[in-house]
Structure formats: C-alpha cells, structure tokens
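Colleague:
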Amino acid sequence: MEQRNDVSGVLLVLMAGILWGTVGPAQVLADVPAGPVALGGARILLGGVVLAVAVLVTAPRAYRTLSRTTWPPLLAATAATATFQAAFMTSVARTGAAVATAIAFGIAPVSTGVCERLVLGTRLTRRWIAGTAGAIAGCALVMTPAGAVRVDAYGAAFGVLAGGCFGVYTVSAKRLIQKGAGMPAAVSITLLAGGAVLAPWTLAGLPALGTVRGLALVTWLGPITAALAYWFFVTGLRRVTAATAGTLSLAEPLVAAALAVSVLGERPSAPVTAGSVLLLGGLAIVSVPSRRTPPGAGQRTLCSPPPGTRPRPNGSAPRVRWGSRRNSRFSFRSGTSV
C-alpha cells in the first residue's frame, strides 16, 4: 500500500513541528521552578480540555465516530502520549535537553517508518530513507552540545523510549484516520487521558504553576503547543504517510535551535550551522512530492483515439472516419465496400 504526500499535508505537519519547537525556549524564558513531568502533564491536560471544548462546540457528533473498532488504536495512542511525556521529560532531567532531544527525535522518524511498515504495510521509499538519514544527522549536529558530554545511560534509554512512543502514536493516529474516526475528538481523549495519568506530578507542581509566569507558560503550552499543534499534526496526517510525518517532526529541534539564537541570544557554532543546513536539506527531500507517471500513461489501448485526433468539447470520444466517403462506403447487406 502506498500513499502520495500532499503539499497541504506537509505544511500542516511542519506547522505542528514549529509549534512544538517553541516548548523548550518558552520554558527557558518563563523560568518556572516546576518539575518537567508536572509541566508536561499540565500541557497535555489543558490542551485536551481546550480541544474537547472546541469539538463539543463545533462538531459534537464527532465523538460518535469512536466505535469499538477504533478503541485499540485509540488506547495505543493514549498510552504513547502519556509515556512520551514522562519518558522525554525524564530524559531531559537526567541527560540534558540537547542530548535528550537529539536522541528522542533522532529515533522518532525511524520508529515511525518501521511501525508503519509493520502495521500498515506502507512501502518505505528511497527518497524517504535518504531524506530521513540526512535529517537525523543534522539533528544530531544541531542538538549535541560542544565539548565533552557525559551521557547518562538511563537518560539515553528514556530518550529512546520517547522516540519509540512517537512512532507508536503517529501510526496509531494514522490507523484511526483509516477507520474513519473524528481525529480532533480522538486526540482530545488521548490528551485528557495522558494528562490524567500524569496528574499526580501536575498537582505536586501547582504552587509553581499557579504563579503569573507559570500561568502564562501553561497558557501557551496547553492551547497552542498541544491543542493547536496536535490538530495541525493529525489533519496533515490525512494527506501524508506516517513515515513522512515522523521525519517532518524533526522541524521541532530546528525551530528550537533557531529560537535559541534569535530570542535567547545564543551564538551558533559551526556544527550547529552545518547541522541546520543538513536538517533543512533532509526535510526538503522528504517534503517535495515525487512526480510519478500514472499507470498506463503513454500506452494506447483499443479504445484510445488515433494520434493527432482532437477530443470533443463534451468529453466524448472523437468520431473516426474509416475511409473516404467517395470510395469506401460499406454495405451491411453484402459485407463489401461499394
């Protein structure tokens, strides 16, 4: 089974990656003394509430599309959402934001492509393999800090787990789309359930989250980087393959690096610059739809008109004359030309 990537779908997934890329810089600017898991739980819980209210106001019947056949992928997406938040935030706490992001989002495209191949049977193209390899290499250069870095083994393991969960979520969402589920309704359930799982950590961080800075941060993280970003992502996922969406998610570390330079005042090193170019090149390779010749193009069939024949305005087949009217009239009685 193969699906062509649509330009509008690519742009929507990239928009989701851009919004996700603002999460880290926003946390740095706000400087809220709340735990990473508490912030992650508050983000997806508030995002789920906002998205659920929007669905109930605009399309309340969307929840009726979630039948028994949609529950398996919905449960898988919910588990992946909660596990990703906890695993990624733990990886950030143990091994640093840069290394955790490089590991998690380096694994994410690969896990998404493998999961889609195993679950949905989608063929992985050479274009996707080449673009993904370049984008992952660029991500490693962009996010790995300069100098000697001590990578915590458990932190790296949690980063790998987070990347795997991203692949499971993306393919589960694609499966929900194939089953006809209302995706905004489905996403609101996954966010609410994931936020409920992380609620103990969120409650423990309420004193910090209740400050002016904390409320401003959560207001940005929940409605914008969760509700709106996930809506962009699942809407674009209708028009692109899951593997392509996984690779396009690498726009997140690229945006985070760009904001670190433009907003936080960090100076980009040579590896960061080279990695950004490599990452952009990989995303461009994956994003541009390939031009394929339609099956049967250029082949004439028995019903094809002769070369040089003009089609009729009403779309019907042109009338073909088999001979001159003077010397090639056909007699149905004798079966001969007269």
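Counted from 1, the sequence shown has number 140 at position 140 by this note's numbering; the numbering is strictly sequential. For glycine and all other residues, C-beta sits at the position ideal for the given N, C-alpha and C.
(1) Pick helix, strand or coil for Leu141, following the three-state DSSP scheme.
(2) Looking at the structure shown, is Thr22 part of a helix, part of a strand, or coil, going by DSSP?
(3) For Trp20, which of Gly180, Asp31, Phe233 and Ile136 has the nearest alpha-carbon?
(4) Lys174 by DSSP, collapsed to three states: which one?
(5) Do you know offhand how far Ser249's Cα is from Thr202's?
(6) Let me confirm a value: Val142 is counted as buried when at least 16 other C-beta atoms fall within 10 Å, else exposed. Which label applies?
(7) Just curious, the alpha helix (DSSP H) that Ile103 is in, first and last residue?
(8) Is it buried or exposed for Pro294, if we count other Cβ within 10 angstroms and need 16 for buried?
(9) Would the beta-carbon of Gly96 fall within 9 angstroms of that of Thr247?
(10) Could you compute how far the alpha carbon of Val13 sits from the alpha carbon of Leu237?
(11) Can you list, in chain order, the residues of its chain whose CB lies under 6 angstroms from that of Ser111, leaving out five sequence neighbours each side?
(12) If Phe105 and Pro253 are in contact, beta carbons under 8 angstroms, what's the gap, nearest whole angstrom?
(13) Just to confirm the assignment, what range does the alpha helix (DSSP H) spanning Tyr230 have?
(14) Report the option in Asp31, Gly24, Pro25 and Ala258 whose CA atom is closest to the CA atom of Gly214.
(15) Whose C-alpha, out of Gly41, Met183 and Ala26, is nearest the C-alpha of Pro200?
(16) Using 9 angstroms as the threshold, is the C-beta distance between Val10 and Val240 below it?
(17) Would you tell me roughly how many angstroms separate the C-alpha atoms of Thr101 and Ser67, rounded to the nearest one?
(18) Touching or not, the region 54-67 and the region 116-131, by the rule of three or more beta carbon pairs under 8 angstroms?
(19) Specify the secondary structure class of Val218 as computed by DSSP and reduced to three states.
(20) Helix, strand or coil: how does DSSP classify Val197 here?
(21) Inspect the CB distances between the region 220-228 and the region 82-98 and report whether three or more fall short of 8 angstroms.
(22) Measure the beta-carbon distance from Leu191 to Ile44 and round it to whole angstroms, keeping in mind my assumption that it falls under 8 angstroms.
(23) For Gly279, tell me which candidate among Gly121, Gln27 and Gly131 has the shortest Cα-Cα distance.
(24) Any idea what DSSP makes of Ser67, helix, strand or coil?
(25) Just mark Leu302 as buried or exposed, buried being the case when its beta carbon has 16 or more other beta carbons within 10 Å.
(26) Around the C-beta of Gln299, are 16 or more other C-beta atoms found within 10 angstroms, so that it is buried, or is it exposed?
(27) Mapping the DSSP letters down to three states, classify Gly159 as helix, strand or coil.
(28) Just to confirm before moving on: does the CB-CB distance between Ala181 and Thr65 stay below 9 angstroms?
(29) Here's the rule: buried if 16 or more other CB atoms are within 10 angstroms of the residue's CB, otherwise exposed. What is Thr83?
(30) Among Ser262, Ile103, Thr69 and Val286, which one has its Cα closest to the Cα of Ala156?
(31) In whole angstroms, what separates the C-alpha of Ala153 from that of Gly205?
(32) Can you tell me whether DSSP reads Leu302 as helix, strand or coil?
(33) Quick one: grab the DSSP three-state call for Ala270.
(34) Going by DSSP in three states, Leu192 sits in which element: helix, strand or coil?
(35) Using a threshold of 9 angstroms, state whether the C-beta atoms of Cys139 and Gly275 are closer than that.
(36) Could you give the residue range of the alpha helix (DSSP H) that holds Val50?
Modeller: A quick look at the data gives this:
(1) Secondary structure of Leu141 (DSSP, three-state): helix.
(2) coil
(3) That would be Phe233, whose Cα lies nearest to the Cα of Trp20.
(4) Looking at Lys174 - three-state DSSP - the assignment turns out to be helix.
(5) 26 angstroms
(6) Val142 comes out buried.
(7) Ala97 to Val119
(8) Residue confidence for Pro294 is low, a pLDDT of 48 falling below 50, so the modelled location carries little weight and cannot support an answer.
(9) no
(10) 7 angstroms
(11) Gly163, Gly164 and Gly167
(12) 6 angstroms
(13) Ala229 to Leu237
(14) Asp31
(15) Sorting Gly41, Met183 and Ala26 by C-alpha distance to the C-alpha of Pro200 places Gly41 at the top.
(16) yes
(17) 36 angstroms
(18) no
(19) Val218 falls in the helix class under three-state DSSP.
(20) Of the three classes helix, strand and coil, the one that applies to Val197 here is helix, per DSSP.
(21) no
(22) 5 angstroms
(23) At residue 279 the sequence reads Leu, which differs from the Gly that was named. Nearest of Gly121, Gln27 and Gly131 to Leu279, Cα basis: Gly131.
(24) coil
(25) The pLDDT assigned to Leu302 is 48, lower than 50, so where the model puts this residue is not dependable, and the model offers no usable value.
(26) Below a pLDDT of 50, predicted positions are generally treated as unreliable, and Gln299, at 48, falls in that range; no measurement from the model is reported.
(27) Three-state result, Gly159: helix.
(28) yes
(29) That one is buried.
(30) Nearest option by C-alpha distance: Ile103.
(31) Approximately 27 angstroms between the Cα atoms of the pair.
(32) Only weak support is given to the placement of Leu302: the predicted model assigns it a pLDDT of 48, under 50, and the value that follows is read from those uncertain coordinates. Taken through DSSP and simplified to helix, strand or coil, Leu302 comes out as coil.
(33) helix
(34) Three-state DSSP puts Leu192 in a helix.
(35) Yes, Cβ-Cβ distance for Cys139 and Gly275 is below 9 angstroms.
(36) Pro36 to Thr58
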